[in-house]
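**Q**
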Amino acid sequence: MKVQIPDFPGLPDRVGRLRDFVYNLWWSWNGDARELLRSLNPVLWDRTDHNAVRVLRETSPERLRTCANDPDFIRLYDSVMARLDAYMSSRTNWYDSNFPAKEPFQFAYLCAEFAVHGSLPIYSGGLGVLAGD
Numbered sequence: 000m001k002v003q004i005p006d007f008p009g010l011p012d013r014v015g016r017l018r019d020f021v022y023n024l025w026w027s028w029n030g031d032a033r034e035l036l037r038s039l040n041p042v043l044w045d046r047t048d049h050n051a052v053r054v055l056r057e058t059s060p061e062r063l064r065t066c067a068n069d070p071d072f073i074r075l076y077d078s079v080m081a082r083l084d085a086y087m088s089s090r091t092n093w094y095d096s097n098f099p100a101k102e103p104f105q106f107a108y109l110c111a112e113f114a115v116h117g118s119l120p121i122y123s124g125g126l127g128v129l130a131g132d
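Positions 0 to 132 (the numbering used here) are the ones given, in order, by the sequence shown.
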């Protein structure tokens, strides 16, 4: 199934990768990535409870252009995008790093009630974060 990611009107080409970036929850466990999103609009970042998609969607085109022309923002943007690229292309993972002598295998434990991030509300019966304990 292919998911269509909506356009973000006014998003400058220089920071165009933010369009896909906000849909990859990697940012939720990377401090610099969260700082990048916060710096787009600190008030909105707090008001949306750190919802990256809403921050990008609700930040004005003028503010997006300002960020795209800010050398400090671009430096952080380029750094975060490079780290995301490295993460996405890496063949190593937590399991291999922590258990190098074990035979590789695949496993998944799925529970619709794991709290991944507050911006991804999943309600399936009431346990929420407790389902992963």
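No residue lacks a Cβ here, since even glycine has one placed at the ideal position from N, Cα and C.
1) Are the CB atoms of Leu63 and Pro11 nearer to each other than 8 Å?
2) Closer than 7 Å by C-beta to Phe72: which residues in its own chain qualify, once you throw out the five before and the five after it? Chain order, please.
3) Given this structure, state the Cα-to-Cα distance separating Phe98 from Leu35, to the nearest angstrom.
4) Taking buried to mean at least 16 other C-beta atoms within 10 Å of its own C-beta, is Tyr76 buried or exposed?
5) Considering only residues of the same chain and omitting the five flanking positions on each side of Pro41, which have a CB-CB separation below 6 Å?
6) Let me know if Ala85 comes out buried or exposed under the rule of 16 or more other beta-carbons within 10 Å of its beta-carbon.
7) Would you kindly check if the distance between the Cβ of Val79 and the Cβ of Asp48 is under 8 Å?
8) Verify whether the separation of the beta carbon atoms of Val21 and Leu55 is less than 8 Å.
9) Indicate the three-state DSSP secondary structure (helix, strand or coil) for Asn97 in the structure shown.
10) Check whether the Cβ atoms of Pro8 and Pro60 sit closer than 8 Å, and answer yes or no.
11) Spatial neighbours of Asn92 within its chain, please: CB distance less than 6 Å, with the 5 preceding and 5 following residues excluded, ordered by chain position.
12) Can Arg33 and Trp26 be called in contact, C-beta distance under 8 Å?
13) Would Ala100 be called buried (16 or more neighbouring beta carbons within 10 Å of its own) or exposed?
**A** Taking the geometry as given:
1) Translated into positions along the sequence shown, residue 63 becomes position 64. Translated into positions along the sequence shown, residue 11 becomes position 12. In this structure, Pro11 lies closer than 8 Å to Leu63 by Cβ.
2) Reading the sequence shown from its first residue, position 73 is the one you call residue 72. Cβ within range, chain order: Ser38, Cys66.
3) As a position in the sequence shown, residue 98 is number 99, starting the count at 1. As a position in the sequence shown, residue 35 is number 36, starting the count at 1. Their Cα atoms are separated by approximately 33 Å.
4) Counting from one through the sequence shown, the residue named residue 76 turns up at place 77. By the 10 Å Cβ count, Tyr76 comes out buried.
5) On the sequence shown, position 42 is the one that residue 41 refers to. Within the same chain, Pro41 has no close Cβ partners at all.
6) Position 86 of the sequence shown holds residue 85. The residue in question, Ala85, is exposed, as its Cβ has fewer than 16 Cβ neighbours within 10 Å.
7) Position 49 of the sequence shown holds residue 48. Position 80 of the sequence shown holds residue 79. Going by C-beta atoms, Asp48 is not nearer than 8 Å to Val79.
8) Start at 1 with the first residue of the sequence shown, and residue 21 comes out as number 22. Start at 1 with the first residue of the sequence shown, and residue 55 comes out as number 56. In contact: Val21 and Leu55 (Cβ atoms closer than 8 Å).
9) Against the sequence shown, residue 97 aligns to sequence position 98. Three-state result, Asn97: helix.
10) Here residue 8 refers to the residue found at position 9 when the sequence shown is read from its first residue. Here residue 60 refers to the residue found at position 61 when the sequence shown is read from its first residue. Cβ atoms of Pro8 and Pro60: closer than 8 Å.
11) Counted from its first residue, the sequence shown places residue 92 at position 93. Excluding positions up to five away in sequence, the list is empty.
12) Position 34 of the sequence shown, counted from the start, is the residue given in the question as residue 33. Position 27 of the sequence shown, counted from the start, is the residue given in the question as residue 26. In this structure, Trp26 lies closer than 8 Å to Arg33 by Cβ.
13) Walking along the sequence shown from the start, residue 100 turns up at place 101. Answer is exposed; the Cβ neighbour count stays below 16.
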